[in-house]
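Trainee:
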Amino acid sequence: MNNLLEADAEEIFQKNENIQGILLTDKHGYPVFCKGTCTQNAAGAVSEIQRMAESLETSKIKHIKLENPISNFIITSDDTLTLAIHQKKK
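According to this note's numbering, the sequence shown is numbered sequentially starting from 2.
1. I'd like the span of the beta strand (DSSP E) that includes Ser78, first residue to last.
2. Return the residue from the list Lys63, Gly37, Glu49 and Ala54 that minimises the CA-CA distance to Asn19.
3. Taking 7 Å as the cut-off, decide whether the C-beta atoms of Leu67 and Leu25 are in contact.
4. Going by DSSP, what residue range makes up the alpha helix (DSSP H) through Gly37?
5. Across which residues does DSSP place Gly22 in a beta bridge pair?
6. For His29 and Ser48, what's the separation of their Cα atoms in angstroms?
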């Protein structure tokens, strides 16, 4: 299963020139895949941001978006994996 996830994540990274980094973590915050600006060191923090947002918002959170003038950082999760994407603004 990990090989399929890694292949899909790699394809997302390669097909969109605005994506600067991509990170997949498991439900415990351990890195499954990382590429570009998203490193293994960010895995725990990304998972924790997702958990904190879920504790603050009672409805099911679809995604979290952090943005600055030049890029966006989007985090989304299901019960087993968390996906983070760092992308340049167009």
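Beta carbons are placed, not taken as given, at the ideal position from N, Cα and C, and that holds for glycine.
Mentor: Based on what the coordinates show:
1. Under the DSSP assignment, Ser78 falls in the beta strand (DSSP E) whose first and last residues are Ser72 to Ser78.
2. Ranking the options by Cα distance to Asn19, first place goes to Gly37.
3. The answer is no: Cβ separation not under 7 Å.
4. Following the DSSP letters along the chain, one finds Gly37 in no alpha helix (DSSP H) but inside the beta strand (DSSP E) bounded by residues Pro32 to Gly37.
5. Gly22 has Gly37 and His87 as its beta-bridge partners, per DSSP.
6. Spanning the two alpha carbons is a distance of roughly 8 Å.
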